[in-house]
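Residue numbers (mature numbering (1 follows the signal peptide of the UniProt record, and there is no 0)): -23 to -1, 1 to 771.
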């Protein structure tokens, strides 16, 4: 009996030891995955951009107004990382027809784009991104389709590329089809115009043409069916459309080894995840919501099956990724799950009347509160425009973009459908969307192998970065360790210096560079004349694969199109000057060197006819000398003369040849600023600074060095004023100047304070019809909200 007890005790100790060893191994496996994942998350900050446009249909001659929200991709809080957002409008060939650089502050910014008459009718892609986002896939960029209709030009014929056939795709749940294991298979069929095919019947047939499964779409061309494949058998789908077309598509290959996963949501508080596989050992379930770890569990495969129960409360709101790892810590299955977010920001907005006459005041009362009714501060944007057969309400808003569209790949057709209609059918359609358009923002192999990310683009944390490359004109190779200057001619001193790295790359960190102008990039021509400098475009050259659908202008739109065209022309004729007003950016006008030692206003002194006389007669801090028939300037301070020539700038442009400085016409110079100390500026060192400013800011006729690169360059966009006339007097109401605005009001910065209330007002135009207002935005905590309201003008 004692012997039996001793054996039982040994067995119990062995079981305990094995359990502890198993737990330790499981913990080690998860430690590696979670630690690697957290390290990646810390090192790879992600941004999301949302762009609220005033409307979605435009005519040439109109203005696209927009507000930009920049948030942390993980928590959706406004992020102050990038100070510049790039806006592109792309045609169907991915050419940037309109582009702008928008200044950002505390995660918000706004701008406008004037549509030229040269654009053809068609759908265009408006996208927004930061310099930092260029390190990642263009699928991360904000994208929105806008329609531009040019009544003065015939629509271009659709290209051959646009006339592709139906696109049919199949997506096994978890990613794999394993022989002998039943799996859910999602599918999606899109038309040549990129929209989901609504009506069709599908059949799955085997190698003997026997039907083994049938399927039909639920919504937007998507659906799912259960399929149990057989090893060493090929399958294909036969699809018959309502128009009589027949489409054939091979199914993904059937594997003999591997894993599948099935997720069941019965509407309760838990999810059931079942893993089936031709394998043994332990499997791991890892779930994260927007790269924030939520669940990490393990289970042992028993009879080729392992089960997990997930508490929904542990998952974050929105899209979660559920990944299955095998016992070798390799990801083998993955799928997405969507948890409906609770609306944390409720926006109420309404006009004070349901109907107005023309040229009457409209007052909009706005409130922002939490789901329990507490007032919330928020930053919002508001657009009020007329709706008709040409212009409709936009289904895409900040709520469905942040929670849904921004975390899925490709075009999401009618994203508002999934939020406005909450029922069993919508839940199934939403899950089909998760299965067919899921993706993640990283590669598991990079994370598990602790492979550091390579970032080629820096975040523009302070201001706009201008990048360039310098190469040797003789060898054509990149030139390293070359000091290059970038200057912006004008009355405001803007000079930047950069030294190239081993790959010849240059980065100029500009400061408050606004509006169109010229930049001059050069090396010191007295030392370096064998280099070529290429200024690079800051706009992204990466593009998504989604093709924009063709336009559909019907005869019923003709009258509305004529009205819009007349209204646009009238506004440009009678209010053309008023829509070209821009706000003063309020830039710092002082030079990069701050307050100079002394400023000489030349009009306060005797006017000499040569610059040599000016310098010799009353500029006490310098001495002009000649050596080997070349002029040189020596700067003098309390300690004596500095070594070498100073940095001499003429309207911000460095002039390295002192002979050219002496040749400057002093009658064209307004002032001279002097720094009499050695000055360190970035990678450059200067023996004092002389900064000349001419009256016109045009270099006073001095010729630039032939090796210098002179380019037209558009800095950060100047903010345009929105023209909104006021009819607060009888004289204004009776004015015969026509007002044909169909965009009544645009306000990109509606700031709601802690009391949760706000009010705006504007006036109706001479246009009658139904008007709709969209107000949307964020709280400081990242809670998003949107609201529509309507009124009539008769």
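Even for Gly, the Cβ is constructed at its ideal location relative to N, Cα and C.
Secondary structure at residue 161: strand, using DSSP grouped into helix, strand and coil.
Closest option to residue 267, judged by alpha-carbon separation, among 297, 252, 143: 297.
The segment 712 to 729 and the segment 740 to 757 touch, with no fewer than 3 CB-CB distances between them shorter than 8 Å.
The beta carbon of residue 346 lies closer than 7 Å to those of 323, 352, 353, 733 in the same chain, with the five residues before and after it left out. Contact annotation: the segment 167 to 178 touches the segment 218 to 227, with at least three C-beta pairs closer than 8 Å.
Under a 10 Å Cβ-count criterion, residue 764 is classified as buried, with 16 or more other Cβ atoms of the shown protein chains found around its own Cβ.
Take residue 710, set aside five residues on each side of it, and the residues of its chain with a beta-carbon closer than 8 Å to its own are 336, 704, in chain order.
In this structure, DSSP gives residue 593 a helical state, which the three-state scheme calls helix. Residue 643 carries a helical assignment under DSSP once its states are collapsed to helix, strand and coil.
Nearest neighbour of residue 307 by Cα position, chosen from 342, 332, 263, turns out to be 263. In the pairwise beta carbon analysis, the segment 144 to 161 is classified as touching the segment 198 to 205: at least three pairs are separated by under 8 Å.
In the same chain as residue 376, and ignoring 5 residues on each side of it, the C-beta atoms closer than 6 Å to its own belong to 761, 763, in chain order. The beta carbon of residue 698 sits closer than 7 Å to those of 558, 559, 560, all from its chain and outside the five residues before and after it, given in chain order. Counting only runs that start and end inside the segment 258 to 309, the beta strand (DSSP E) elements of at least 3 residues fall at 259 to 266, 269 to 277, 282 to 288, 295 to 302. Of all alpha-carbon atoms in 527, 233, 581, the one lying nearest the alpha-carbon of residue 102 is that of 527. Distance from the CA of residue 661 to the CA of residue 600, rounded to the nearest whole angstrom, comes to 23 Å.
Residue 86 is a Cβ neighbour of residue 44, given a cutoff of 9 Å. Its chain contains 469 as the residues whose beta carbon lies nearer than 7 Å to that of residue 566, once the 5 sequence neighbours on both sides are disregarded; these appear in chain order. DSSP places residue 396 within a helical segment (H, G or I) once states are collapsed to three. If you look at residue 42, you'll find it in the beta strand (DSSP E) that goes 40 to 49. When DSSP states are grouped into helix, strand and coil, residue 462 belongs to the strand group. About 6 Å separates the beta carbon of residue 622 from that of residue 609, a gap short enough to meet the 8 Å contact definition.
With a 10 Å radius around the Cβ and a threshold of 16 neighbouring Cβ atoms, residue 51 comes out buried. For residue 345, the enclosing beta strand (DSSP E) stretches over residues 338 to 346. Going by DSSP, residue 723 is part of the beta strand (DSSP E) stretching over 720 to 729.
DSSP places residue 537 in the uninterrupted alpha helix (DSSP H) bounded by 535 to 551. Counting C-beta pairs closer than 8 Å gives three or more between the segment 562 to 581 and the segment 646 to 662, which meets the contact rule.
According to the DSSP secondary-structure assignment, residue 100 is paired through a beta bridge with 124.
In the DSSP annotation of this structure, the continuous segment of the beta strand (DSSP E) that includes residue 740 starts and ends at 734 to 740. Around the beta carbon of residue 636, a 10 Å sphere encloses fewer than 16 other beta carbons of the protein chains shown; the residue is thus reported as exposed. Contact fails between the segment 533 to 553 and the segment 677 to 687, because fewer than three Cβ pairs, one in each stretch, are under 8 Å apart.
When 109, 80, 7, 104 are compared, the shortest CA-CA separation from residue 696 is found for 80. Rounded to whole angstroms, the Cβ separation of residue 27 and residue 119 is 6 Å, and the two are in contact under 8 Å. Beta-carbon to beta-carbon, residue 98 and residue 125 are separated by about 6 Å, close enough to satisfy the 8 Å threshold.
Within the same chain, and ignoring the five residues on either side of residue 493 in sequence, the residues whose Cβ sits closer than 6 Å to its Cβ are 691.
Under the 10 Å beta carbon count, residue 687 is surrounded by fewer than 16 other beta carbons and is classified as exposed.
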